[in-house]
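Have a look at the structure below, then the notes.
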Amino acid sequence: MPNRHYLYVTNEGLRWYRVQGGQPQLVERFGADEAGFADFGRQLAAMPRRSRYSVLVDVPDEGFHFELLPSTRGRDREAMLGRKLAQQFYGSPYTASLALGREKQGRRDERVLLSALTRPAQLDPWIGALVSARVRVRGVHSVPFLLDRIMARARLPADAYLLVNFSPAGIRQTYFQGGRVRFSRLSGTPGQEFELSVAQAGEEVGRSLAYLAAQRMTRRGENLPVVGLLPGVQYEAFATAVDAATDADTLLADTGRLQGSYGAPESRGCGADSLPLLLNALGGEPQCLQIGGTEVLRFQRLHQIRKGLYLGALAILAGGAAIAGLGYLETRALAREQTELLALVQSENARHAALMRRLPPLPAPPDTLTHLVDELARVEQQRVPPLTVFQALSGALDQLPEITLESLEWGIDERETDGVPVDVAVFARLALPVGMSGDARAQLDASERFVRELARASGRPVRLVRRPVALQSNETLRGSEGRSAQSPSAASFEVAFTLTAEAGK
């Protein structure tokens with residue numbers, strides 16, 4: 004990756020690498036002096052803002068301390084580890100703690116390896132330059148903890164061993180127990196050739212084994228195997244040097260095979276330098292333990308937060324685009340359905356028109372027939388059945404049986420407002436008995452009594468349209484004895500009243 008840079012810090016200074024094709028390419032080298040610090044800061048300022056950096060520290064000033072801690076979790080555990088690190092490595096901001104599991108008996112205390120760079124002054128200028136340049140630092144790591152991740156892939160048959168690797172910083176011996184790092188020391192001359200380093204390695208291995216035994220990290224009489232982290236072609240020379248200085252057995256951890264596990268090709272040449280493997284592992288082990296402060300990692304975390312926000316916004320935008328796309332597809336589907344429905348309606352209209360053309364001609368236009376049907380329905384709805392009229396008259400005739408019905412007519416009352424006939428007007432002509440023909444007063448009384456009885460029976464007002472006697476203003480109403488003898492004839496009178504259409508339903 005062209006934007007990924009690896010900064011390898013030793014006592015001699017800082018080496019700037021870029022890995023291409025699995026092989027580290029040295030970009031620049033800076034000395035551990037004021038000029039080197041200034042040049043490093045200027046180089047950082049000239050780099051693109053998207054560049055990312057990983058720092059690997061390989062110095063001899065390291066401290067390791069094994070501690071048994073009570074079982075705690077969360078913030079309590081972090082606070083307790085912070086206190087223990089501050090007590091053990093006072094004044095160093097470059098600390099780390101590695102969990103090694105729990106005790107199998109007793110309180111099941113937690114086994115923790117505390118570690119720190121005991122001379123932070125040699126790292127502060129480089130870290131300060133990175134912070135000042137506001138660059139994205141993925142992490143600050145130490146070689147022992149990176150080896151802890153690398154050897155998890157080696158799958159060696161030994162559970163405890165002393166690992167030896169060669170680098171530009173010198174010869175590093177790292178003690179592993181239970182597959183995890185417990186102690187590490189860097190010795191030898193930096194930048195020394197392999198032939199000289201391997202001859203010196205036997206003596207350094209002997210010192211490390213003696214130190215481990217003195218610290219009771221190994222059991223008395225234990226034959227701790229020594230593992231060489233180097234190419235297979237260099238293993239024989241390494242094993243010979245170790246056999247000459249100690250009685251320990253030797254094993255090989257092939258750097259070529261381990262590099263292949265990180266997707267990198269085997270190192271070119273026959274050098275024993277493990278730095279290519281370390282740099283490839285640095286880019287492929289995101290879970291490697293950090294040994295740097297949080298300040299140098301701040302800009303990388305800000306970038307991750309910004310990236311998360313961008314991805315969230317992109318996800319929202321993609322969701323909105325997907326919803327819009329679905330809406331567009333649904334709109335297209337509805338448009339197709341509408342087109343199909345319109346085509347179906349047109350087809351049905353054409354078929355209906357064809358059927359109508361086949362029918363015989365009507366005697367009148369359809370609009371006229373429709374109007375007539377509507378009028379007939381309206382008349383039918385508003386008509387009063389004859390039985391209703393007969394019932395109203397029969398109630399009055401029952402009370403006055405001497406009066407007879409001569410004629411009866413009824414029709415729609417056109418006097419209603421807005422031209423909407425609601426009531427039915429009824430006209431009845433009735434005849435009085437022949438015996439009343441000479442008695443005008445009796446005729447008037449009988450007709451008025453009939454009007455009252457009819458109003459009571461129909462429940463509607465009744466008008467006397469024509470009286471049985473035609474009175475003049477100069478005539479006097481007389482009884483039967485005052486009339487001249489004439490041929491008797493039945494007198495008649497007419498009444499009118501209205502009935503509502505609802506009354507007959």
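Residues 4 to 508, numbered by my numbering, are exactly what the sequence shown covers, in order.
By construction, the Cβ of each residue, glycine as well, lies at the ideal position given by its N, Cα and C atoms.
A quick note: this is a predicted structure, and the numbers were derived from the prediction, not measured.
Exercise. Return the CA-CA distance between S57 and G182, expressed in angstroms with no decimal places.
Key: Roughly 25 Å separates the two Cα atoms.
Exercise. Compute the Euclidean distance between the alpha carbons of Q290 and T177, then round it to the nearest angstrom.
Key: Spanning the two alpha carbons is a distance of roughly 20 Å.
Self-check item: Proximity winner among W413, A494, R188, L347, relative to G66 (alpha-carbon distances)
Solution: Here the closest residue by C-alpha is R188.
Quiz prompt | Per-residue burial, L345 [other beta carbons within 10 Å of its own, 16 or more giving buried] | solution = When all chains shown are included, L345 counts as exposed.
Quiz item: Looking at the unbroken beta strand (DSSP E) that takes in F430, where does it start and where does it end?
Solution: Counting along the chain, the beta strand (DSSP E) containing F430 begins and ends at 426-434.
Exercise. Might you give, ordered along the chain, the residues of its own chain that have their beta carbon closer than 6 Å to the beta carbon of S145, omitting 5 neighbours on each side?
Key: Contacts found: V60, I294.
Practice problem: Identify which residue in E409, P147, V115, L280 has its Cα closest to the Cα of H68. | Solution: Restricting attention to E409, P147, V115, L280, the CA atom closest to the CA of H68 is found in V115.
Exercise. Give the DSSP bridge partners of S190, in chain order.
Key: Partner(s): I174.
Practice problem: Determine the extent of the beta strand (DSSP E) in which R18 is found, giving its start and end residues. | Solution: Its beta strand (DSSP E) spans residues 16-23.
Quiz item: What are the boundary residues of the beta strand (DSSP E) that includes P27?
Solution: Start and end: 26-34.
Quiz item: Is DSSP giving F1 helix, strand or coil here?
Solution: Not covered by the structure: residue 1. The range shown for the chain is 4 to 508.
Quiz item: If A256 and G231 are in contact, beta carbons under 8 Å, what's the gap, nearest whole angstrom?
Solution: A256 to G231, Cβ: 7 Å. Contact.
Quiz item: Helix or strand or just coil, what does DSSP make of A499?
Solution: A499 carries a strand assignment under DSSP once its states are collapsed to helix, strand and coil.
Exercise. With DSSP as the reference, label E340 as helix, strand or coil.
Key: For E340, the three-state secondary structure derived from DSSP is helix.
Quiz item: In angstroms, rounded to a whole number, what distance separates the CA positions of N14 and G77?
Solution: Straight-line Cα distance between these residues: approximately 37 Å.
Quiz prompt | Uninterrupted alpha helix (DSSP H) stretches inside the segment 90-169 (no shorter than 4 residues) | solution = Segments of the alpha helix (DSSP H) lying fully in the segment 90-169: 127-135, 146-153.
Quiz prompt | Through-space distance from V22 to A338, alpha-carbon basis | solution = Cα-Cα distance, rounded: 58 Å.
Exercise. Let me know if M154 comes out buried or exposed under the rule of 16 or more other beta-carbons within 10 Å of its beta-carbon.
Key: Classification for M154: buried.
Quiz item: Taking 7 Å as the cut-off, does the CB of F69 come closer than this to any heavy atom belonging to the ligand NAP?
Solution: Among the ligands in the structure shown, none appear at all, so the ligand NAP cannot be discussed.
Quiz item: Terminal residues of the continuous beta strand (DSSP E) containing E70?
Solution: In the DSSP assignment, E70 falls within the unbroken beta strand (DSSP E) covering 65-72.
Exercise. Whole angstroms is fine: what's the gap from E70's alpha carbon to L117's?
Key: Using only the alpha carbons, I get a separation of about 7 Å.
Quiz item: Taking just the CA atoms, how far does G209 sit from V201?
Solution: Put simply, the backbone Cα of V201 is about 13 Å away from that of G209.
Quiz item: I think V517 touches V299, with their Cβ atoms under 8 Å apart; what is that distance to the nearest whole Å?
Solution: The chain is shown only over 4 to 508; residue 517 falls outside these bounds and no answer can be derived.
Self-check item: Nearest neighbour of N6, chosen from R55, G24, E37, T221 [CA to CA]
Solution: If we check each option's Cα against that of N6, R55 comes out closest.
Self-check item: Minimum C-alpha distance to G24 - residue among Q262, S74, G330, P369
Solution: Closest option to G24, judged by alpha-carbon separation, among Q262, S74, G330, P369: Q262.
Quiz prompt | Sequence-distant residues of the same chain with beta carbon closer than 6 Å to A163, five excluded per side | solution = Q180.
Quiz prompt | CA nearest to the CA of V134, picked from F302, T192, L457, F33 | solution = Comparing Cα-Cα distances from V134 to each of F302, T192, L457, F33, the minimum goes to F302.
Exercise. Over the uninterrupted beta strand (DSSP E) stretch that includes R444, give me the two end residues.
Key: Going by DSSP, R444 is part of no beta strand (DSSP E) but of the alpha helix (DSSP H) stretching over 443-461.
Quiz item: So what does DSSP say about G286, is it helix, strand or coil?
Solution: Note: G286 maps to helix in three-state DSSP.
Quiz item: Going along the chain, which residues of its own chain have a beta-carbon closer than 6 Å to the beta-carbon of L403, five neighbours each way excluded?
Solution: Contacts found: F453.
Exercise. Give me whichever residues DSSP pairs with Y56 in a beta bridge.
Key: DSSP, once it has assigned bridges, lists H8, V140 as partnering Y56.
Exercise. Would you kindly report the start and end of the unbroken beta strand (DSSP E) that includes V465?
Key: Here the beta strand (DSSP E) through V465 covers 465-469.
Quiz item: What separation, rounded to the nearest whole angstrom, lies between the Cα atoms of T420 and A428?
Solution: Bear in mind that the predicted position of T420 carries a pLDDT of just 46, short of 50, making it too unreliable to give a figure here.
Self-check item: Integer-rounded CB distance, given that F496 should sit under 8 Å from R470
Solution: Right, their Cβ atoms sit about 6 Å apart.
Practice problem: Output yes or no for whether 8 Å exceeds the beta carbon distance between S211 and L165. | Solution: Yes; because the gap between Cβ atoms is below 8 Å, this pair is in contact.
Quiz item: What does S410 pair with, by DSSP beta-bridge criteria?
Solution: DSSP lists R432 as the beta-bridge partner residues of S410.
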